[in-house]
Structure formats: C-alpha cells, structure tokens
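In the working numbering, the protein residues as written are 75 to 328.
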Ligand code: HPA
C-alpha cells in the first residue's frame with residue numbers, strides 16, 4: 075500500500091529532524107525525477123520521502139534548492155510543480171530568518187502571515203503554466219485556517235509564537251545594517267533567503283500554504299550583532315523541538 079499524500083513538507087531549517095518521525099514507506103531520489111535539479115554541492119543527494127506522520131499520509135522534501143546556490147528560479151521551484159502534479163494540496167515550509175521586529179528574540183518562532191518578494195526575479199516570469207492564472211493573486215498566500223490551527227496548538231502546548239511578514243532576498247550575503255533597517259521600514263518582521271519563490275509557485279498551483287520561520291539572529295534595531303552561518307544553524311537546531319511539535323499538530327488537523 076503506497077502513501078497517497080495531500081500534504082507536502084519542505085524540510086528546511088528547524089525541521090530537518092522531523093524526518094525521524096516519518097514512517098517512511100518509499101522514497102524517490104531527485105536524480106530519478108526527470109528535469110529535477112540535482113544538488114552537486116552537498117554530500118548527500120536529495121530525495122522525496124513518502125510515508126506517514128501523525129497517522130496522515132505525507133510527502134517530505136529532503137534537500138532544498140536555494141537561488142544563492144546558482145539555481146534558476148525555475149529550478150528552485152520545480153519541486154513544487156512536481157508536488158502539484160502528484161496531487162499535493164497543502165504545502166508546509168520552514169526557514170531560518172533574521173528578526174527585525176524589536177519584540178523578537180533569538181530562537182523564537184514566527185508564523186508567516188504574508189511575504190515581500192525581494193528576489194531579483196519572479197519565478198512565474200515567462201510563459202504561463204496553465205491552468206494557473208497569468209496574474210495570480212497573492213492576497214492570501216498563507217492559509218488563514220492553517221495559521222489558526224497552529225496558533226491554537228501553540229497556546230495548548232505553551233509555545234510562544236509570533237506572526238509576521240517575511241521578506242525573501244537572493245542572498246548569499248546577510249544584510250548590511252542599512253538593509254535591515256530598510257526591510258523593517260518596508261513592514262517586514264523577518265528576512266531570509268528562501269521560501270518566497272516556492273510559495274509563489276505553490277499559490278499559482280492552487281496549493282494551501284503554511285510557513286514558519288525560526289528567528290536565528292537579530293538585525294535592524296538597537297545593537298545589530300554580526301551574524302554567522304554557524305549561529306544561524308545553532309539557533310535553528312535548538313528551536314527544532316518546538317517547531318516539530320507545532321507541525322505535528324498542524325498535520326494531524328489538516
Ligand atoms: N538575513 C538573511 N537570511 C538569513 C538571516 C538574516 O539575517 N538569518 C537567517 N537567514
């Protein structure tokens with residue numbers, strides 16, 4: 075009996091260990107999927123996992139493509155097209171992000187309520203892929219019902235969560251102090267180098283989306299402290315149990 079999932083999870087920062095909780099029934103290496111970009115940089119090859127989590131059939135994407143690695147926007151978002159083609163209806167994404175809202179602390183979680191696309195290219199540029207609309211609305215990119223499920227779960231589990239706006243940038247540079255201040259003045263609460271391209275394509279495909287950021291460093295107000303990749307990784311890892319618990323509840327209630 076094969077898993078027949080309607081929910082896909084991109085195992086980004088803060089969610090990597092969720093893989094240990096999946097009863098994996100089958101997996102497909104990216105190298106076996108036609109037109110799928112293959113990561114040559116990382117030691118381990120990416121794959122799609124199929125199995126059960128919290129009693130629900132799910133698909134998990136292990137290994138993600140970032141624009142800063144040199145992939146085109148079409149390559150970064152191709153996995154979303156694959157998800158749609160195999161019948162996925164719901165997408166869950168996570169990321170690490172720099173916090174710019176003065177109420178945020180390192181290790182906090184932020185439910186993404188909305189985003190700002192600051193990438194130099196929109197992933198939908200070019201010939202429109204039917205049946206998605208040429209000019210898709212991004213009015214409610216992040217599903218309100220999913221947000222309220224997670225808010226309720228957070229309250230029950232006594233996990234502090236913020237809600238806010240994520241701005242996605244090309245990277246790979248972290249922001250200058252002036253850039254953090256600019257993004258804050260735009261109305262963003264957190265900044266990172268992923269998620270926005272995938273969410274745009276997911277919305278174009280008609281998927282319902284839930285996104286969550288782990289705040290791994292702080293910029294844009296008071297004392298801006300220089301950030302390093304190691305600190306980002308460490309903060310994301312330590313927030314992992316909280317993030318995993320909330321995602322488990324969301325999947326159960328989808
Ligand atoms: N800026 C951009 N991307 C990030 C950051 C940041 O401060 N932290 C984690 N990813």
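Think of the CB as a built atom: it goes at the ideal place given N, C-alpha and C, for glycine as much as any other residue.
Which partner residues of residue i appear in the DSSP bridge assignment?
| i | result |
| --- | --- |
| residue 285 | 167 |
| residue 152 | Per DSSP, none; premise fails for residue 152. |
| residue 265 | 172, 241 |
| residue 220 | Answer is none; residue 220 lacks a bridge partner. |
| residue 121 | 103, 136 |
| residue 185 | 237, 286 |
| residue 127 | 130 |
| residue 190 | 241 |
| residue 292 | 173 |
| residue 97 | 126 |
Are there 16 or more other CB atoms within 10 angstroms of the CB of residue i, so buried, or fewer, so exposed?
| i | result |
| --- | --- |
| residue 82 | buried |
| residue 247 | exposed |
| residue 106 | exposed |
| residue 250 | exposed |
| residue 176 | exposed |
| residue 132 | buried |
| residue 158 | buried |
| residue 136 | buried |
| residue 84 | buried |
| residue 213 | exposed |
| residue 78 | exposed |
| residue 87 | buried |
| residue 186 | buried |
| residue 125 | buried |
| residue 94 | exposed |
| residue 221 | buried |
| residue 97 | exposed |
| residue 75 | Unreliable placement is indicated for residue 75, whose pLDDT of 46 sits below 50; no coordinate value is reported for it. |
| residue 287 | buried |
| residue 278 | buried |
| residue 208 | exposed |
| residue 172 | buried |
Could you tell me the boundaries of the alpha helix (DSSP H) in which residue i lies?
| i | result |
| --- | --- |
| residue 180 | Run containing residue 180: none; DSSP gives neither H nor E here. |
| residue 274 | 270-278 |
| residue 315 | 314-327 |
| residue 197 | No alpha helix (DSSP H) contains residue 197, which DSSP labels as neither H nor E. |
| residue 259 | 251-260 |
Assuming residue i and residue j form a contact by the criterion Cβ under 8 Å, report the distance between their Cβ atoms to the nearest whole angstrom.
| i | j | result |
| --- | --- | --- |
| residue 164 | residue 322 | No, residue 164 and residue 322 are not in contact; Cβ-Cβ is about 14 Å, not under 8 Å. |
| residue 267 | residue 243 | 6 Å |
| residue 236 | residue 317 | The pair is not a contact, with the Cβ atoms about 13 Å apart (cut-off 8 Å). |
| residue 324 | residue 166 | 7 Å |
| residue 239 | residue 276 | About 18 Å separates the two Cβ atoms, so there is no contact after all. |
| residue 310 | residue 170 | 5 Å |
| residue 284 | residue 188 | With 8 Å as the limit, residue 284 and residue 188 do not qualify as a contact, their Cβ atoms being about 13 Å apart. |
| residue 271 | residue 197 | 4 Å |
| residue 312 | residue 181 | 6 Å |
| residue 241 | residue 260 | 7 Å |
| residue 109 | residue 152 | 6 Å |
Which residues mark the beginning and the end of the beta strand (DSSP E) in which residue i is found?
| i | result |
| --- | --- |
| residue 82 | 81-84 |
Quick one: is residue i near chain C, going by C-beta distance under 8 Å?
| i | result |
| --- | --- |
| residue 195 | Checking the listed chains, one finds no chain C in this structure; it contains a single protein chain. |
### Task
Can you list the residues near the ligand HPA, meaning Cβ strictly closer than 7 Å to any non-hydrogen atom, in the order they appear in the chain?
170, 171, 172, 243, 245, 248, 249, 265, 266, 267, 290, 291, 293, 301, 306
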